[in-house]
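Single-structure report; data block below.
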Amino acid sequence: MITAQYFIANWKMNVPALPVWVRDVSQAMLGREAQVVLCPPFTRLSAAQMVLTDTGMALGAQDCHAQENGAYTGDVSALMLRQVGCTHVILGHSERRAQHHETDAMVRAKVACALAHGLTPILCIGESLEVRESGDAEKMVTQQLLACMPDMDDDDEIIIAYEPIWAIGTGKTPGCDEIEAMHAAIKKQLHKRAPLVYGGSVNIGNAADILALPSVDGVLVGGASLDAAQFATIINAGK
Ligand code: PGA
1 MITAQYFIAN WKMNVPALPV WVRDVSQAML GREAQVVLCP PFTRLSAAQM VLTDTGMALG
61 AQDCHAQENG AYTGDVSALM LRQVGCTHVI LGHSERRAQH HETDAMVRAK VACALAHGLT
121 PILCIGESLE VRESGDAEKM VTQQLLACMP DMDDDDEIII AYEPIWAIGT GKTPGCDEIE
181 AMHAAIKKQL HKRAPLVYGG SVNIGNAADI LALPSVDGVL VGGASLDAAQ FATIINAGK
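Mapping to the working numbering: the sequence shown position 122 is 122, numbers consecutive.
Here is the structure:
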């Protein structure tokens, strides 16, 4: 049974005052069952690890390589992420799939490597606007989930993020009924009970409605997580 809701901050740029962000977000967590995961750029992981100590927040990265070690100049492995204090890693984000040509098979290999190193993968799945408009979104997203999961019997060791591509960074979100329908379709595929979060233009105006949905175990927040006050408001909008 999942009690705490997840609030995953996916920083796509540096927040200069990291200690201030952590202080303000920690205050919002007081008295709430909120599981906060901060996922800054790689260059900020070790500084973040130091300021997160004793805050109850977890540290995540935004990608890792599918191999533990090897000749992969410029890549970062799951093992390296563990060594810098990460417990989580975002995998299969649609920006990586589009810009780095990551296939479902590559994402599955990364999920397997992350699990082997004790990291919790935050597996992103979601449809394009074209697929949404064709009426095939649920079929496509559930197929993507199955293709990216090394073993569905391990599905309680990961977090799934449903992120419609057309909602990321656009200010558009699906209707609450569409989120519920997609989450129900995803949950039907799960053998155990992976937490299922929603991501894509979550902000202070829509967070309460999204977080109130019975199928929503939390949110993955990009743009609005950069501002501590906005992210704190989103945490306070939780159940
Ligand atoms: P957004 O980003 O909240 O800015 O839409 C979401 C994401 O990073 O996936």
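Cβ atoms here follow ideal geometry from the backbone N, Cα and C, with glycine treated the same way. Note that the structure is a prediction, hence the values are computed from the model and not measured.
**Request:** Using 7 Å as the cut-off, classify the Cβ of Ser215 as near or not near the heavy atoms of the ligand PGA, replying yes or no.
**Result:** no
**Item:** Rounded straight-line distance, which links the Cα of Gly60 to that of Pro16
**Value:** 18 Å
**Residues bridged to Gly218 (per DSSP)** = Tyr6
**Asked** Just curious, the alpha helix (DSSP H) that His183 is in, first and last residue?
**Response** 176-189
**Request:** For Pro195, count neighbouring Cβ atoms within 10 angstroms of its own Cβ and tell me buried if that reaches 16, exposed if not.
**Result:** buried
**Prompt:** Ordered along the chain, which non-local residues of its own chain (more than five positions away) have a Cβ less than 6 Å from that of Arg193?
**Reply:** Asp156
**Message:** How far does the beta strand (DSSP E) with Val37 in it extend, from its first residue to its last?
**Reply:** 34-39
**Message:** the ligand PGA and Ile168: does the residue's C-beta get closer than 7 Å to at least one heavy atom of that ligand?
**Reply:** yes
**Asked** Just how far apart, CA to CA, sit Glu138 and Cys148?
**Response** 15 Å
**Item:** Local Cβ density within 10 Å of Pro121, reported as buried at 16 or more and exposed below that
**Value:** buried
**Whether Ala114 touches Ala71 by CB criterion (8 Å)** = no
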